[in-house]
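Accompanying notes for the structure given below.
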Amino acid sequence: MHEKRVEQWVRKLSSVPDPQLVEALAAEVLAERPIELLAELLATLGRRGREERVRLVYCAVVRIGLAADSIPEGVRQEVYSVLAARGEAALVRYLLPLPALRSPRGGDQAPDPLLEDMPLGAKKWKARLHNREMLLRLARDGDPRVVSILLDNPLVTEDDVVSWSARRPTTVELLLLVARHRRWSLSMRIQEAVARNPYAPLHVAAAYLPLLTDRVLYSIRSGSAVHRVIRESAEELLALRGRTLCAELPMRLEDGAKEEA
Numbered sequence: 039m040h041e042k043r044v045e046q047w048v049r050k051l052s053s054v055p056d057p058q059l060v061e062a063l064a065a066e067v068l069a070e071r072p073i074e075l076l077a078e079l080l081a082t083l084g085r086r087g088r089e090e091r092v093r094l095v096y097c098a099v100v101r102i103g104l105a106a107d108s109i110p111e112g113v114r115q116e117v118y119s120v121l122a123a124r125g126e127a128a129l130v131r132y133l134l135p136l137p138a139l140r141s142p143r144g145g146d147q148a149p150d151p152l153l154e155d156m157p158l159g160a161k162k163w164k165a166r167l168h169n170r171e172m173l174l175r176l177a178r179d180g181d182p183r184v185v186s187i188l189l190d191n192p193l194v195t196e197d198d199v200v201s202w203s204a205r206r207p208t209t210v211e212l213l214l215l216v217a218r219h220r221r222w223s224l225s226m227r228i229q230e231a232v233a234r235n236p237y238a239p240l241h242v243a244a245a246y247l248p249l250l251t252d253r254v255l256y257s258i259r260s261g262s263a264v265h266r267v268i269r270e271s272a273e274e275l276l277a278l279r280g281r282t283l284c285a286e287l288p289m290r291l292e293d294g295a296k297e298e299a
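Have a look at this one:
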């Protein structure tokens, strides 16, 4: 019923090259009504999220969706219910906040003697400088008010952010900063690191599953380090893609052949 309108939105959004403008237009998408139309829009973005241009749009919608006050709670619940009834809840799990499988405990990480007594203002100042050793120490320190500055430092690399996103233990605040960052949230390596991290809130980890390859989803589905919700979401997405357990066999055989070679 809403296919034509949905396709118009997808074409419009995916033709915009500027991530900032895409995000502004994506906010319009999230104001769409009726609920059934919005649900179909979000489901379509999730199903087509691995297409290069649609991927940018999906990530913009996720960044907005992860902001607590961006979408009314009632709308989130209604959209989720519509898609859950269709067996497509895994496409929009980022709409409903859920806690992480694990939480960091006090004393998990020894304090850095150089940073322990450093004022917050000094840490923020150093986060803008070009001393990589200091940047990495500040990242390990993990203060989200400092990490938010580090993420914009031109010396910080994708490898750095992958490492921070995969770190265990870590904090919800740090992972949310990465997930809502306009640049780093587009990296597939970072998306996978967040999705696999048991310290990530479940809705944040689940947000990236529709963007991951079949091979990664099979791995997540079979793993034990992530929450049951993430494993089940991976399985639901594989089913939506028409993948079955049988489809996994050729990949395992291929991997075995490579190892023998």
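Numbering-wise, my numbering comes out as the position in the sequence shown, counting from 1, plus 38.
Note that the Cβ used here is the ideal one computed from N, Cα and C, for glycine as well.
Nothing here was measured: the structure is a model prediction, and the numbers come from that model.
Around the beta carbon of residue 274, 16 or more other beta carbons lie within 10 angstroms, which makes this residue buried. Assignment of residue 69 by DSSP, reduced to helix, strand and coil, places it in the coil class. A distance below 8 Å between beta-carbons, with the five flanking residues on each side excluded, links residue 105 to the following residues of its chain, in chain order: 218. Considered as a whole, the segment 94-177 harbours 111-123 and 158-165 as its complete alpha helix (DSSP H) runs of no fewer than 4 residues, in chain order.
Comparing C-alpha distances from residue 94 to each of 226, 270, 107 and 45 shows the shortest one belongs to 226. Residue 57 sits in a helix when the DSSP states are folded into three classes. The Cβ atoms of residue 245 and residue 118 do not sit closer than 7 Å to each other. Annotation: the continuous alpha helix (DSSP H) that includes residue 47 extends over 41-52.
A Cβ-Cβ separation of about 6 Å places residue 101 in contact with residue 61 under the 8 Å criterion.
Each of 69, 54, 116 and 126 was checked against the Cα of residue 82, and the nearest Cα belongs to 126.
Residue environment for residue 236: buried (at least 16 other C-beta atoms within 10 angstroms of its C-beta).
C-alpha of residue 160 to C-alpha of residue 80: approximately 42 Å in a straight line. Along the length of the segment 211-235, whole alpha helix (DSSP H) runs at least 4 residues long occupy 226-234, reported in chain order. Per the coordinates, the alpha-carbon of residue 90 lies some 9 Å from the alpha-carbon of residue 52. Under DSSP, the beta-bridge partners assigned to residue 239 are 138. Apart from sequence neighbours up to five positions away, the residues of its chain that approach residue 210 with a beta-carbon distance below 7 Å are 138 and 239, ordered along the chain.
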